[in-house]
Each structure stands twice: as structure tokens, then as C-alpha cells.
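Here is the structure we will look at.
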Amino acid sequence: MKAIRFHQFGGPEVLQYEDVPDPRPREDQVLIRVRACALNHLDLWIRKGLPGVKLPHINGSDVAGDVVEVGSYVSSVKRGMRVLLAPMTFCNHCAQCTAGQQSFCREFSVLGYLNDGGNAELIAVPEVNVIPIPDSLSYDEAASVPLVFVTAWHMLVSRAQIKPGNTVLVLGGGSGVGSAAIQICKMLGATVIATAGEEAKLQKSREWGADHTIDHYKQKIAEEVRRITSKVGVDIVFEHVGSATWEDSVRSLRPGGTLVTCGATTGAEAKFDLRVLFSRQLSFLGSYMGTMGDFHQVLPHIFSGKLKPVVDRTYPLSEARAAHERLEKSEQFGKIVLNP
Ligand SMILES: [Zn+2]
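Here my numbering is used: the first residue of the sequence shown is 53, the next is one more, and so on.
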């Protein structure tokens with residue numbers, strides 16, 4: 053099969069479109085003909101070099117396609133089904149996995165991180181990862197769902213326990229995870245303040261439901277939040293930006309508010325005053341992707357059309373390099389998708 057592989061870590065130039073052996077599914081696995089695979093920032097980090105990644109490597113966490121072969125132990129999935137893949141790997145038999153807490157499994161990882169992913173014509177995965185999709189969802193849309201929606205759902209619903217009437221500050225509303233968060237907040241009855249770094253992304257954030265927007269280059273986030281909330285602050289801050297916004301994120305919280313974070317795109321170092329934490333009784337929550345339960349909770353809302361995956365643009369698999377460059381420059385709104 054054809055795949056995008058890299059034999060050394062580095063810039064977009066290390067990505068090679070080449071012939072690699074077809075994956076051979078085990079008897080408990082399903083072979084998928086990949087039709088679409090969306091990019092994530094994780095693809096860039098892995099390409100630049102992360103511990104545990106074996107070379108040569110095939111990236112790709114967000115996959116949609118057709119079932120072409122099923123192992124003899126597989127019962128729920130049939131050949132010919134249109135499907136998307138849960139974007140995670142886990143052992144599926146430890147205490148944490150059987151309790152539905154897959155993200156605490158010792159073997160938990162993102163699909164395409166420690167194993168080969170979907171930047172290829174074929175991928176073999178366990179049956180539990182394979183989920184049929186309705187005809188109303190295109191492959192490109194389906195591939196734009198998994199990682200951002202399970203991550204945003206886990207952050208807002210499972211971790212921060214969002215309630216109707218809450219006000220939520222969504223950092224980076226123009227990003228994949230930001231656009232998912234805006235929609236989930238609105239569906240669950242919250243008011244959304246979204247930030248973005250340019251007018252086009254602010255406009256898109258409003259289209260996806262944001263009630264208020266802040267240009268994080270031209271305006272001070274915390275000051276604007278204070279003005280919008282009549283000096284109260286927000287109930288929840290949805291963070292994934294990191295160093296560049298951290299101070300403003302903390303200052304935007306109301307007393308008793310919750311900051312939940314799943315990333316640090318602009319840097320991992322943050323200054324923090326412990327007196328603010330205890331005197332304002334804040335909660336700081338880390339969040340790492342999500343569980344299969346989260347995924348199955350959010351998917352019906354996608355399949356019914358209430359939540360919409362946001363496709364930025366598509367590239368042929370062979371042009372993965374250009375796709376990486378677009379993501380690296382943050383030019384996208386929503387997901388960049390590769391078509392093998
Ligand atoms: Zn496990």
C-alpha cells in the first residue's frame with residue numbers, strides 16, 4: 053500500500069510518500085481501507101520527535117473508511133461498512149479498561165502515536181475501535197470527528213461537569229478542539245466567549261455558536277471577559293493554548309471557577325500564584341483525550357447533526373507535506389484532512 057512515512061524526525065520535508073507492506077490484521081482485528089485521515093497538532097510533535105516513537109513511522113489518529121476484512125473473532129463489524137475509528141489504543145482487559153476508564157490504562161495511547169496510524173491506504177485495528185457511521189456523514193467529516201470531539205467532551209462534561217447556564221471561555225475557538233468545544237457548550241445550554249487571533253476565525257467562532265468573541269492579539273482576554281461578564285468572570289475556562297494565554301485564563305475565572313486543560317500548544321511553562329488558587333477556591337483540571345464512554349456519548353449528537361465536524365480543507369495523501377505546513381502556520385479553521 054501507499055503511505056506517508058518518515059524515517060527520521062524533522063520538518064515537513066521528512067514526510068515520504070512511499071510503498072510499505074500491507075498491514076496483516078489479527079483474528080480479533082478489522083482491516084480498514086482509509087478514505088480520510090485528519091491531522092492534529094500531535095502529528096507535528098511526533099514528526100519532530102517524541103519519546104517512544106519507533107522509526108520509520110506512519111502518523112494519523114483520526115480515521116474514516118470502509119471495512120475490507122474482518123478477523124474470525126470479530127462479530128459486530130461486517131465487510132463493506134462505512135466507519136470511523138476511536139482514536140485511542142488500550143489493552144481492553146485491565147481493571148481501568150473494564151471500568152470504562154481507558155485513559156488510565158497503562159497501555160493507553162493515541163492511535164498513530166506509538167503504533168502506525170492512518171496516513172496510509174490501509175490500517176488494522178481492534179474491533180472495539182470500529183464504529184459505523186450514517187450515510188449523511190462524509191468520510192472527510194467523519195475523520196474530523198474523533199480526537200477533537202472526544203477530547204472536548206471529556207474536558208467539558210466528564211471533567212469540568214458543565215451545567216446549563218454556565219459561562220465558558222473557549223481559548224482558540226478557531227482550532228479543531230475549540231470549534232468542537234463551542235458547539236458542545238451551546239448544545240448543553242452554556243454561554244460561550246471564544247478567543248481567536250484573526251477576524252476570519254472570530255467570524256467562524258460566531259457561526260459555530262459563540263455568543264462573544266475576543267481577538268487575543270488586539271484585546272486583553274481577561275479584561276474583555278471582565279467586561280462581558282460584568283466583572284463576574286467565567287465558570288469554566290477551556291484551555292489548550294498554554295504559556296501564551298495561561299495568565300489571562302486564570303484571571304478570567306470567577307471565584308470557585310474551573311480551568312480545564314488538554315494541551316500547551318504555545319509552550320508548557322506557566323507562572324502561577326498559589327494564593328490565587330486557594331483564596332479564590334479555583335479548580336485546575338488536567339484532561340487527556342477521553343474514554344470510550346465519552347466517545348459513545350458524543351457520537352449520537354454528531355450522527356444526528358446537532359454537532360458538526362468542521363472540515364478546513366482536504367489534500368491528497370501524497371501532499372501531506374503541504375498539509376503539515378498549513379497546520380504549522382495555524383492557517384486552518386477546523387480540520388485538515390488527507391485523502392489516500
Ligand atoms: Zn487497559
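A virtual CB, placed ideally from N, CA and C, is assigned to each residue, including glycine.
Burial state of residue i, where buried means 16 or more other Cβ atoms lie within 10 Å
i    : result
G326 : Rather than Gly, the amino acid found at residue 326 in this sequence is Leu. Result: exposed.
P307 : exposed
D187 : exposed
P178 : buried
D71  : exposed
Q88  : The question names Gln, yet the displayed sequence has Ala at residue 88. It is buried - the Cβ of A88 has at least 16 other Cβ atoms within 10 Å.
Y165 : buried
L137 : buried
Q154 : buried
C264 : A small fix is needed here, since residue 264 is His in this sequence, not Cys. Its Cβ being crowded by 16 or more others within 10 Å, H264 is buried.
F330 : exposed
H348 : exposed
Heavy atom of ligand 1 within 7 Å of residue i beta-carbon
i    : result
E159 : yes
F347 : no
N144 : yes
Q148 : yes
Own chain partners of residue i with C-beta closer than 6 Å, once the 5 adjacent residues on each side are dropped
i    : result
V350 : F201 and W205
R211 : V312, L337 and S339
T366 : D192, V389 and N391
V120 : L83 and R85
G62  : none
D300 : I273 and A274
S124 : E79
M260 : Note on identity: in this sequence residue 260 is Trp, with Met being the wrong assignment. For W260, where only same-chain residues beyond five positions count, the Cβ hits under 6 Å are S231, I234 and Q235.
Nonlocal neighbours in the same chain, by C-beta distance under 7 Å from residue i, ignoring five residues either side
i    : result
V277 : L221, I245, G285, V286 and S304
D364 : Q384, F385, G386, K387 and I388
N171 : A55, I56, C89, I110, N111, G112, L369, A372 and L390
Cutoff 8 Å; reference residue i; Cβ partners in own chain excluding five residues on either side
i    : result
L96  : H376, L379 and E380
L359 : F201, A232, Q235, I236, M239, V350 and H353
H59  : V66, Q68, L107 and P108
Meets three-Cβ-pair contact criterion under 8 Å: the region 197 to 213 and the region 145 to 154: no
Touching or not, the region 244 to 258 and the region 222 to 233, by the rule of three or more beta carbon pairs under 8 Å? yes
If contact is defined by three or more beta carbon pairs under 8 Å, each pair taking one atom from either stretch, is the region 313 to 321 in contact with the region 293 to 302? yes
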